[in-house]
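S.K.: These protein sequences, in sequence, are chains U and G.
No gaps in the numbering here: position 117 of the first sequence is 1202 in this note's numbering, and each next residue is one more.
No gaps in the numbering here: position 169 of the second sequence is 185 in this note's numbering, and each next residue is one more.
Below: one structure in structure tokens.
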Amino acid sequence: MDIVISNSSEKPIYEQITTQIKDAIIKGVLKEAEILPSIRSLAKELKISVITTKRAYDELEREGFITTVPGKGTFVAAQNKDLLRESRIRIVEEKLIEAVEAAKSIGLSLDELQEMLKLLYEEDD
Amino acid sequence: MEPILEIKNLRKEFKDFSLKDINLTLEKGFIMGFIGPNGAGKSTTIKLILNLMNKDGGEIKIFGKDNIVYEREVKNRIGFVLDESHYYEEITVQEMKSIIAPFYERWDEGAFKKYVKDFGLSMDKKIKELSKGMKMKFSLAIALSHNAELLIMDEPTSGLDPVVRSELLDILSDLMQDENKGVFFSTHITSDLDKIADYITFINNGEIILSTTKDDIMENFGLIKGPKELIRSNNSNGFIGIRENQYGFEALVQNKEEFRKLYGDKIVVEKPTLEDIMVYYTRRGINA
């Protein structure tokens, strides 16, 4: 698994980590029951604060992507299909928000944007 | 859990400068960066922690123990790297080590040899022949070779080149694999070391301005830039130091999301560096 951190990005570092670990789980790079690095070793490798890696793991655990077994370590949780789909929908939503913002900034109307989306969607079929 | 370092209402008066009620807490397992401009009181605070100077009030506890009552025990369990070299200049590294080692109950010769090798220190060189980086590494080798649980460093990176600074970063992140250790270091240049700091305590003019997690600073503070009409209508509310130029203004704020909501596209919000935070807080009152 690769994790690439940008210090200049607006996105908080913990979020960069959660996004990349989630992607790795969704794409199957990280498999169910696979062990993850400890928060201290991840912090050391990425040269970031332990608080940041802990927060990323807490977040992933809360969303059900990973589980921590005290004294044993942190593992990729058994994945729920609905959960995966939901998180993928969230990614689509994020990208759409970006597109909407870009459209608004040049004064594109909703109709024009919808027309564009329709063309792009059908083009792929 | 007991803090590894706890300072309460620490005071020290000088003729022209005073430390005013310093409070800070560091839990074990974490690194705290102690930042502030020159003359802010960083070295004074560190000297008081190490009892190299008498305090005028307050309390300092290391491993939960008073730093003066339990000085011997406490000092056995801490390693320190000070800004000025406090070694005899005319003797060799080997001789200096032989003088220092017996003071520590838990001296680990094997660890020392390993650090000497890793750092590329030559044992038969005289202290005065060492470069600034090598002196720091020698101090660090000593500090890390007696099973210290708390590492205290005063300006460890000042005057060091980026390569040595990055080596120090590696050493510290290795050390922090042990969740029972702690590191407290001061700096006036925001350096690469800040990357791994868990907490940042900012001191200015003898007072603690803020002490919080670095993530809190990075996520909530913002450097906002916009047209000058905004500062006139806003009356500078919530701005920490403003810098005006002919075409607009720049200001540091503690709650960037509120400003983003308020002004939207009219302003640009950037992630501040610790250096920005230091500069804007120090300017407060001058321009604000």
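Cβ coordinates follow ideal geometry from the N, Cα and C atoms, glycine included.
1. Kindly list the residues whose CB is nearer than 6 angstroms to the CB of TYR1099 of chain U, restricted to its own chain and excluding five residues on each side of it in sequence; keep chain order.
2. Quick check on SER1134 of chain U - is its C-beta less than 8 angstroms from some C-beta in chain G?
3. Can you list, in chain order, the residues of its chain whose CB lies under 6 angstroms from that of ILE302 of chain G, leaving out five sequence neighbours each side?
4. Where does ASP231 of chain G fall in DSSP's three states?
5. Since ALA164 of chain G is in the beta strand (DSSP E), which residue starts that stretch and which ends it?
6. Using alpha carbons as the reference points, say which of G:GLU111, G:PHE50, G:LYS142, G:PRO288 lies closest to LEU168 of chain G.
7. Taking just the CA atoms, how far does HIS102 of chain G sit from ALA304 of chain G?
8. So ILE23 of chain G and ILE76 of chain G are in contact, right, with Cβ under 8 angstroms, and what is the actual spacing, rounded?
9. Taking buried to mean at least 16 other C-beta atoms within 10 Å of its own C-beta, is LYS230 of chain G buried or exposed?
10. Return the residue from the list G:ASN163, G:LEU166, G:VAL109, G:PHE128 that minimises the CA-CA distance to LYS151 of chain G.
11. In this structure, does DSSP put TYR1099 of chain U in helix, strand or coil?
12. Would you tell me roughly how many angstroms separate the C-alpha atoms of GLU1122 of chain U and LEU290 of chain G, rounded to the nearest one?
13. Compare the C-beta of ASP214 of chain G against all C-beta atoms of chain U and say whether one is closer than 8 angstroms.
14. For GLU87 of chain G, which of helix, strand or coil comes out of DSSP?
15. Helix, strand or coil for ASN45 of chain G, going by three-state DSSP, please let me know.
16. Have a look at G:VAL179, G:ARG259, G:ALA164, G:GLU223 and flag the residue whose alpha-carbon is nearest the alpha-carbon of LYS197 of chain G.
17. What does a CB cutoff of less than 8 angstroms around ARG27 of chain G pick up in its chain, not counting 5 residues either side in sequence?
18. Assign SER1093 of chain U to buried or exposed, taking buried as 16 or more other Cβ atoms, counted over all protein chains shown, within 10 Å of its Cβ.
19. GLY95 of chain G and ALA159 of chain G - do their beta-carbons sit closer together than 8 angstroms?
20. Using DSSP bridges, identify the partner residues of GLU223 of chain G.
21. Residues in the same chain with beta-carbon distance under 7 angstroms from LEU1193 of chain U, minus the five sequence neighbours each way, listed in chain order, please.
22. Quick one: list the residues of chain U neighbouring LEU185 of chain G, beta-carbon separation under 7 angstroms, in chain order.
23. Here's the rule: buried if 16 or more other CB atoms are within 10 angstroms of the residue's CB, otherwise exposed. What is GLN193 of chain G?
24. Taking the alpha carbon of GLU1163 of chain U as the reference point, which residue from U:LYS1107, U:LYS1129, U:ILE1102 has its own alpha carbon closest?
25. What do you get for TYR104 of chain G, buried or exposed, if any count of 16 or more other CB atoms within 10 angstroms of its CB means buried?
26. By the 10 Å Cβ neighbour count, where 16 or more other Cβ atoms means buried, how is ILE224 of chain G classified, buried or exposed?
27. Ignore the nearest five residues each way along the sequence and tell me which others in LYS113 of chain G's own chain have a CB closer than 8 angstroms to its CB.
28. Say whether the stretch 118-135 of chain G touches the stretch 52-65 of chain G, bearing in mind that this needs 3 or more beta-carbon pairs closer than 8 angstroms, one atom from each stretch.
29. Between the alpha carbons of ALA267 of chain G and GLU245 of chain G, how many angstroms are there, rounded?
30. By Cβ distance, which residues of its chain are closer than 8 angstroms to VAL1185 of chain U, with the 5 residues on each side in sequence left out?
M.R.: With the given structure in hand:
1. In its chain, beyond the 5 residues on either side, THR1137, ARG1140, ALA1141 have a beta carbon closer than 6 angstroms to the beta carbon of TYR1099 of chain U.
2. Yes, SER1134 of chain U lies at the interface with chain G (some Cβ there is under 8 angstroms from its Cβ).
3. Reliability fails at ILE302 of chain G, whose pLDDT of 47 lies under 50, so the model's placement of it is uncertain and the value that follows must be treated cautiously. Here the set comprises nothing.
4. If DSSP states are grouped into helix, strand and coil, ASP231 of chain G belongs with the helices.
5. Judged by DSSP secondary structure, ALA164 of chain G falls outside any beta strand (DSSP E); it is assigned neither H nor E.
6. Here residue 168 of chain G turns out to be Ile, not Leu, going by the sequence shown. Of G:GLU111, G:PHE50, G:LYS142, G:PRO288, the smallest CA-CA separation from ILE168 of chain G is found for G:PHE50.
7. Low confidence applies to ALA304 of chain G: its pLDDT is 39, below 50, so where it sits in the model is not reliable, and the reading given next is rough at best. Distance between the alpha carbons of ALA304 of chain G and HIS102 of chain G is about 42 angstroms.
8. That belief holds up - the Cβ atoms of ILE23 of chain G and ILE76 of chain G are roughly 5 angstroms apart, short of 8 angstroms.
9. With 16 or more Cβ atoms within 10 Å of its Cβ, LYS230 of chain G is classed as buried.
10. It is G:VAL109.
11. TYR1099 of chain U falls in the helix class under three-state DSSP.
12. The sequence shown places Pro at residue 1122 of chain U, not Glu. One alpha carbon belongs to PRO1122 of chain U, the other to LEU290 of chain G, and they sit about 29 angstroms apart.
13. Taking 8 angstroms as the CB threshold, ASP214 of chain G lines the interface with chain U.
14. Note: GLU87 of chain G maps to helix in three-state DSSP.
15. Contrary to the premise, residue 45 of chain G reads as Gly rather than Asn in this sequence. In the structure shown, GLY45 of chain G adopts coil according to DSSP, grouped into three states.
16. Considering only alpha carbons, the answer is G:ALA164.
17. So the list reads SER34, LEU35, LYS36, ASP37, ILE38, LYS71, ASP72, GLY73, GLY74, once near-sequence residues are dropped.
18. Exposed, since its Cβ has fewer than 16 Cβ neighbours within 10 Å.
19. In this structure, ALA159 of chain G lies near GLY95 of chain G, with their beta-carbon atoms less than 8 angstroms apart.
20. Under DSSP, GLU223 of chain G shares a beta bridge with G:ASN220.
21. Cβ neighbours of LEU1193 of chain U beyond the five flanking positions: none.
22. Ordered by position in chain U, the residues that pass the 7 angstroms Cβ test against LEU185 of chain G are LYS1132.
23. Taking all protein chains shown into account, GLN193 of chain G has fewer than 16 neighbouring C-beta atoms within 10 Å of its C-beta and is therefore exposed.
24. Note that residue 1163 of chain U corresponds to Ala in the displayed sequence, not to Glu. Per the Cα distances, U:LYS1107.
25. Counting of Cβ neighbours within 10 angstroms places TYR104 of chain G among the exposed residues, the total staying below 16.
26. It is buried - the Cβ of ILE224 of chain G has at least 16 other Cβ atoms within 10 Å.
27. Closer than 8 angstroms at the Cβ level, and outside the excluded window around LYS113 of chain G, lie PHE128, MET139, ILE158.
28. No, they do not touch.
29. Distance between the alpha carbons of ALA267 of chain G and GLU245 of chain G: 14 angstroms.
30. So the qualifying residues of the chain are LEU1198.
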